[in-house]
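>
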Amino acid sequence: MTLLPHLALIAAAGLSAGPLAAATKTAYRCTDEHGAIAFQDKPCRNDQKSQSFEYEPAPPPPAVDAETAPEEPVAAAPESPEPHAMPVAPPPRPPAPVLFRCVRADNDKVYYSETGDPPPYSVPAGVVGLPGSPLGSNAHVSAPELNRPPVSPPGGANAVAGAYVEVRDRCERLSPAEACRAVRAQLDDNLSRQRNVGQAERTTLTGEARALADKLAGC
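Encoded structure:
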């Protein structure tokens with residue numbers, strides 16, 4: 019026996035609705051000796067009380083073309099929260115260049131030094147104005163240098179003036195702003211010279227210009 023409990027409501031409607039369409043089907047309400055009721059599409063057993071009725075089956079669902087069927091929207095996965103970005107510290111700024119302004123003891127020529135400690139060197143006594151020298155000035159010679167004996171062989175009226183003495187250039191450290199101005203001036207001079215030299219010398223100047231540019235990174 020096939021149970022059809024979902025036909026109960028349809029059966030009630032079929033008993034009171036009158037004639038149905040030709041597409042209806044026959045179902046049966048079967049009651050056994052204990053009063054249990056069952057609905058089925060086959061006739062009841064002989065020992066059951068039977069009541070038949072007509073019902074209209076539900077229409078089949080419409081066919082769906084797989085090519086034209088609209089796709090159901092797929093819910094987008096929630097975006098995972100971005101991890102809290104830690105602030106990145108800027109790279110440390112290079113220090114300002116260290117530069118000394120030096121003056122040669124023999125000719126007052128100015129140049130720049132990174133150490134401010136140029137080595138001593140020997141010059142003729144006449145260049146620094148020792149007694150007997152036609153220059154007549156000893157501005158570049160310190161007191162110990164005046165007391166040193168000449169290193170050239172003695173002899174002649176100008177023996178002292180012709181001797182050699184040891185001197186050292188005078189240097190003073192520049193402030194960071196002065197050092198930056200001096201390095202910029204050296205770089206400008208370097209780039210200007212590169213326009214008027216051959217390839218070999220230009221290669222050397224290019225390397226010097228790169229070093230000067232690195233120093234300016236701290237300015």
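Under the working numbering, the first residue of the sequence shown carries the number 19, and numbering increases by one thereafter.
From the three backbone atoms N, C-alpha and C, an ideal C-beta is built for every residue, glycine too.
(1) Straight-line CA distance for C237 to V121?
(2) Give the range of the beta strand (DSSP E) segment to which E72 is assigned.
(3) When the Cα of T42 is compared with those of P112, S70, N125, V215, which residue comes out closest?
(4) Measure the C-alpha to C-alpha separation of P138 and V185 and round it to an integer number of angstroms.
(5) Between which two residues does the alpha helix (DSSP H) containing S210 stretch?
(6) Go ahead and label A231 buried or exposed: buried means 16 or more other beta carbons lie within 10 angstroms of its beta carbon, across all protein chains shown.
(7) May I ask which residues mark the beginning and end of the beta strand (DSSP E) holding L44?
(8) Could you give the DSSP three-state label for V215: helix, strand or coil?
(9) Which of the three DSSP states is assigned to R188 in this structure?
(10) Using the Cα positions of N156 and A200, report the straight-line distance between them to the nearest angstrom.
(11) Give me the residue from V116, A56, G144 with the minimum Cα distance to S193.
(12) Is the beta carbon of K67 closer than 9 angstroms to that of T44?
(13) Could you have a look at R111 and say whether DSSP puts it in helix, strand or coil?
(14) Drop a sphere of 10 angstroms on the beta-carbon of D207, count the other beta-carbons inside from all chains shown, and report buried for 16 or more, exposed for fewer.
Answer, in terms of the structure:
(1) Cα atoms of C237 and V121: separation of roughly 24 angstroms, rounded to the nearest angstrom.
(2) Judged by DSSP secondary structure, E72 falls within the beta strand (DSSP E) whose first and last residues are 67–73.
(3) That would be S70, whose Cα lies nearest to the Cα of T42.
(4) Cα to Cα, P138 sits roughly 5 angstroms from V185.
(5) Element bounds for S210: 194–212.
(6) That one is exposed.
(7) In the sequence under discussion, the amino acid at residue 44 is Thr, which differs from the Leu named in the question. In the DSSP assignment, T44 falls within the unbroken beta strand (DSSP E) covering 43–49.
(8) Here V215 sits in coil by DSSP.
(9) Three-state result, R188: strand.
(10) Residue placement at N156 is poorly supported in this model, since its pLDDT is 45, which falls under 50; the coordinates are not used for a value here.
(11) The residue with the shortest Cα to Cα distance from S193 is V116.
(12) Taking 9 angstroms as the Cβ cut-off, T44 and K67 do not qualify as a contacting pair.
(13) In the three-state reduction of the DSSP assignment, R111 falls in the coil class.
(14) Exposed.
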